[in-house]
Structure formats: structure tokens, C-alpha cells
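Chemist: In UniProt numbering, the protein residues as written are 1 to 168.
Quick reminder that beta carbons are idealized off the backbone N, C-alpha and C, glycines included.
Only a predicted model underlies this, so the values are computations on that prediction, with no experimental measurement involved.
Below is a structure I'd like to ask you about.
Right, here's the structure in full:
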């Protein structure tokens with residue numbers, strides 16, 4: 001069985017099923033059947049509005065997000081799909097914090113469900129810093145299908161890794 005680096009930690013049975021889909025050229029049709037084409041959020045301004053709407057719906061009391069952008073420098077192969085940062089600056093006698101979310105440019109050309117999964121993930125870090133039970137509970141509060149979308153995104157990244165192609 002070839003290495004399925006995006007599925008590390010998943011049960012061997014699941015990895016074998018994925019390997020079977022890959023060897024029979026059925027992984028791409030499986031994903032295309034489940035998800036429509038890419039979303040139409042292409043600019044940083046549109047992404048910021050999308051994230052702000054999601055935040056205002058699910059995390060009204062959370063700290064404000066100052067910047068959201070697609071970032072071509074994020075290395076998907078280094079296990080980063082998005083980042084969240086807090087930049088603290090002294091302004092006068094006060095300490096001000098600015099929060100930024102950056103999303104890998106890979107997410108410009110994927111189904112909206114994958115973009116939603118990564119934005120939910122990064123928004124959850126505004127309230128919960130660590131990837132613990134509370135963090136994933138918050139992710140599932142914002143998007144009930146969070147875990148399925150994350151798994152399917154891992155399948156898509158596995159497809160890109162093994163075929164060298166994109167679907168959308």
C-alpha cells in the first residue's frame with residue numbers, strides 16, 4: 001500500500017478502502033459525485049465577507065477579525081491549509097490585538113464545503129487555541145458536517161498527491 005500521508009491516523013480499513021478507490025481510478029468520480037464544482041469566492045474581499053458572515057452567525061461574541069486573505073505562501077505539503085495569527089501592538093497606553101486569518105490559495109478552486117471547513121477551523125482558533133475536545137466541539141457547532149468535510153478534503157488532497165491533478 002502506497003503512503004497516504006493525508007490519512008495518517010485513520011483506521012487501516014479506511015486507508016485500504018481509499019487505496020482501492022485509487023487503484024481502480026474511482027476516487028475522482030467519488031468526490032465529483034459528492035461535491036459540485038468550485039465556489040465563486042475568488043478575492044480577498046469576498047473571502048473576508050464570507051468569513052465575517054460565518055463569524056457573525058456562529059461566534060457573535062468572539063473578538064473581531066481584522067484581516068482575511070488567500071495566501072499563496074502557505075505550504076499545503078507542510079500540513080498547513082490556513083493560519084490564524086494575533087498581532088499585538090502598543091497604541092498609546094493600551095495593548096491592541098489584531099487577528100488575521102490566511103487561507104491557502106488551494107481553496108480558491110474547491111467546493112464551498114471545503115472552504116467552509118477551513119474557515120470554520122481557523123475561526124474556532126479565535127476562541128480555542130489548541131486542537132482539543134472543546135475546539136472540535138466548536139467546529140461542529142459552526143458546521144455540523146465538519147468532520148466529513150475534513151475527511152473528504154483529505155481524500156481530495158490524496159487524489160492530488162497521487163495523480164498530480166486537480167478536479168475543479
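(1) Are the beta-carbon atoms belonging to residue 123 and residue 101 less than 9 Å from one another?
(2) Select from 11, 164, 108 the residue whose C-alpha is nearest the C-alpha of residue 46.
(3) Sorted by chain position, which residues of the same chain lie with C-beta nearer than 6 Å to residue 84's C-beta, five sequence neighbours on each side aside?
(4) Just to confirm before moving on: does the CB-CB distance between residue 44 and residue 99 stay below 9 Å?
(5) For residue 110, report the span of its beta strand (DSSP E) as first-last.
(6) Hey, could you find the ends of the alpha helix (DSSP H) residue 133 is sitting in?
(7) Taking the alpha-carbon positions, what's the residue 21 to residue 37 distance?
(8) On the three-state DSSP scale, how would you describe residue 43?
(9) On the DSSP letters alone, give me the boundaries of the beta strand (DSSP E) that residue 88 sits inside.
(10) For the structure I just gave you, are there three or more beta carbon pairs, one from the stretch 133-146 and one from the stretch 155-166, closer than 8 Å?
(11) Helix, strand or coil for residue 161, going by three-state DSSP, please let me know.
Modeler: Taking the coordinates as given:
(1) yes
(2) 108
(3) 101, 122, 125
(4) no
(5) No beta strand (DSSP E) holds residue 110; DSSP gives it neither H nor E.
(6) 133-142
(7) 21 Å
(8) coil
(9) 82-91
(10) no
(11) helix
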